[in-house]
Each structure stands twice: as structure tokens, then as C-alpha cells.
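Line by line, the protein sequences are chains L and D. Numbered by numbering that gives the first Met the number 0, the letters in the first sequence go through residues 0 to 133 in order. Numbered by numbering that gives the first Met the number 0, the letters in the second sequence go through residues 0 to 152 in order. Idealized CB from N, CA, C, for every residue including glycine. Since this is a predicted model, take the numbers as computed values, not measurements. As C-alpha cells, the structure follows; a few thoughts come after it.
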Amino acid sequence: MKPEKDRTDDLPQPLIEALESSDRPVSMITARVDREVSAMARRHFSLRRRPARAQRLAWTAVAAAVVVAVFAVQLQSPDPEQTSLYTDVDGSGRIDIADVLALARMQGTEERSQAELDAFASWIVSLARAGETS
Amino acid sequence: MRNVILSLIVLCCACAWQTSAAQHDDRKRFAAVDIYLDSGEPVAAWQFEFSSRNGRMKIVGLENGESKAFGGTPYYDREAVQRGTADRIIVADFTLAGANELPSGRIRIATLHLMLTGADAPQFDLELVTAVTHEGRTIDASISLESQIVRKR
């Protein structure tokens, strides 16, 4: 009995030939070949990884520089909300210590804390600010 | 030859004189300047600006005046003074003390401590920016100073 032969009888001859030609013994991959292929792969990927790492470092440096720059700008420029408080409160035409006194004497919702008054007075006597306005 | 020797002597004398002059210019002196406000009405807030007309001055310290109503140290640019870069200064103070506690007349409002360099006598500019009453009304006050050189080095 040849069941396999029987089954192949239905297949077209070119297909049978193609299948028979592909039915070859598998070439043996020795441990040495395996190691060499593995080493080649490692070399290949290590060469590719280097620029990626450098690029990551560069992007990290750029991000750090941006963060530092933002902090520096925020430290240097006074808070706009804060400086908007520093106005000509008494309507004298200029901003001086009398405005701090006027602000300190305001009652109700406009009442300010001592820290805010100190900040306003310090802003008035700041030489850098006086240099900008003069 | 005699001319060469004479030239060398003159050159040496010139160098010695130059060095002496430079040392003289770099000599540092310290001075205390009392600032007085003269007001006919009780003062609740004041502000003045002080600077040197001929330069060569740094403000190295400041102390408060004699009035109890203005108890603490006045407001001034502490950072500039601490850095040693204050060749002028704006000083101000206010108080919320009651009208009957406020000072009037001639009052010492601050004392400035200065470091002077150079041989020239110091010349100062002092300007009263404002002086107001308890209600915030501007006072027709005057400001003056008295300086005293306290140490030579």
C-alpha cells in the first residue's frame, strides 16, 4: 500500500517536482557558526546604537538648556501680576514710598499683607528699577 | 654720557612720583553721613536719593534714624550694597503709627556708611523725593546731611 503515492497522484507534476527539490537535508548550523553570526549581529547593532545614544544625549542636553533658560528668565523678570500692583496708588504722578503708605492704609478687599508692602517698598528703592525708569 | 645719566635720574624721579600719586589715590577712607529731615508736620513716610557728585564712593552700610515710629532699618537696595556696587542709593521708609507718635522738626532719618577713594574732598548730591503726612499729604520738608570722615587707611 502506498497512500502517499496515491495522494500525490492528484497533484500536478510541476508542483510535485518543486516539492521534491525543496526536500533537501537542512544545512547544519554549528555552534561556531552560531557564535560568529551572533558576534556579527552584536557588532552591527553596536555600531548603529552609538549615534542613537549620542542623539538622545543631545536632545537631553537641549531639553535641560531650555528648562534652565526658562527658569533664568522667570527669575530675572518680575512676576507681571506682582508688578501690576506697583502703581501710582495715591495719584501723585509718580511711584514712591507714599504709594506704599497709601496701599498700607487701604481697608477691606484691597488690604495687603506686610510681605506685599515690603516687596513694593523694596521694588521702589531698587537701583536696577530706578536705572530703568530714569 | 652725562645727558644719559641725567635723563635716567629724571625718569626715575617721574616713576617714583607716579607711584606715590597712585598710592595716594587708592587710599581708602570711611565716612558716616547723617541724613536729617526737617519737617514742620509729623512725617509718616519719606524717601530720599543720595549719590556722589565726583564718584569714588561706595555705600557700604546703612542704619536707621532716631525716631521710634520708624523703628526698623529703612528700605534700600541691600543687594547692591552687599555687592559693593552701590555708588548711589535710594532710601525710604513708612510707618502706620498713629499721628501723635510721628516725628516732626529736625530728625535724623538714616546714617549712611561710605567708603571713599581718591584725594578729592567728597561732594554729595542729596534729594528729598517725598515726605508725606499720616493722610498721605505731601509735606514741604527739607533734607540735609552731616558727614564725618571716621577713619583713614
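Check your understanding: Closest by CA to E134/D, which one among E40/D, L61/D, R28/D?
Key -> E40/D
Practice item. Mind reading off the beta-carbon distance from T137/D to V131/D? Whole number of angstroms is fine, and I expect it under 8 Å. Key: 6 Å
Review point. What are the boundary residues of the beta strand (DSSP E) that F29/D is part of?
Key: 27-38
Check your understanding: On the three-state DSSP scale, how would you describe A20/D?
Key -> Residue placement at A20/D is flagged as unreliable, the pLDDT there being 49, under the threshold of 50; a coordinate-derived value is accordingly withheld.
Review point. Nearest CA to the CA of W45/D: which residue from V99/L, A127/L, Q113/L?
Key: V99/L
Point to revise | Spatially closest choice to V80/D from G104/D, Q147/D, V59/D, V90/D, by CA coordinates | key: V59/D
Review point. Any contact of the stretch 87-100 of chain D with the stretch 51-69 of chain L, i.e. 3+ C-beta pairs under 8 Å?
Key: no
Exercise for review: Spatial neighbours of T116/D within its chain, please: CB distance less than 6 Å, with the 5 preceding and 5 following residues excluded, ordered by chain position.
Suggested key: K27, R55
Check your understanding: CB Y68/D to CB T84/D, shorter than 7 Å?
Key -> Inspection of the sequence shows that residue 68/D is occupied by Ala rather than by Tyr. For A68/D and T84/D, no; Cβs fall outside 7 Å.
Check your understanding: Is G135/D close to chain L, meaning its C-beta is less than 7 Å from at least one C-beta of that chain?
Key -> yes
Review point. Using a beta-carbon distance cut-off of less than 9 Å, what residues from the stretch 88-121 of chain D approach chain L?
Key: I88, I89, V90, A91, D92, F93, T94, L95
Review point. Is the distance from the Cβ of L111/D to the Cβ of L61/D below 7 Å?
Key: yes
Practice item. Could you work out which residues of chain L lie near A44/D, taking near to mean beta carbons separated by less than 8 Å? Key: I96, A97, V99, L100
Point to revise | Limits of the unbroken beta strand (DSSP E) element including L125/D | key: 123-131
Exercise for review: Starting from M114/D, follow its DSSP beta bridges and name the residues at the other end.
Suggested key: F29/D, K57/D
Check your understanding: Cβ of T72/D less than 7 Å from any chain L Cβ?
Key -> no
Practice item. Could you list which residues in chain D have their beta carbon closer than 8 Å to that of L126/L, in chain order? Key: D76, A79, A85, R87, I88, I89
Point to revise | Closest Cα partner of A140/D within the set F47/D, F123/D, N63/D, D33/D | key: F47/D
Exercise for review: Select from A43/D, V42/D, R77/D, K57/D the residue whose C-alpha is nearest the C-alpha of P121/D.
Suggested key: K57/D
Practice item. Please state if the CB of D124/D and the CB of N192/D are separated by a distance shorter than 7 Å. Key: Here chain D has residues from 0 to 152 only, and residue 192/D is not among them.
Practice item. Kindly list, in the order they appear in chain L, the residues whose Cβ is closer than 7 Å to that of V131/D. Key: A97, L100
Point to revise | Min CB distance D87/L to chain D below 7 Å | key: no
Exercise for review: Take the Cβ of F44/L as the centre, count every other Cβ of all protein chains shown within 10 Å, and call the residue buried at 16 or more, exposed below.
Suggested key: exposed
Review point. CB Q147/D to CB A43/D, shorter than 7 Å?
Key: no
Exercise for review: Starting from the beta carbon of S112/L, find every residue of chain D whose beta carbon is closer than 7 Å, and list them in chain order.
Suggested key: In chain order: nothing, as chain D lies at least about 13 Å away.
Exercise for review: Can you check DSSP and say which residues form a bridge with Q147/D?
Suggested key: A31/D
Check your understanding: Within 7 Å (strictly less), CB to CB, does A118/L reach chain D?
Key -> no
Check your understanding: V124/L: buried (16+ other C-beta within 10 angstroms of its C-beta) or exposed?
Key -> buried
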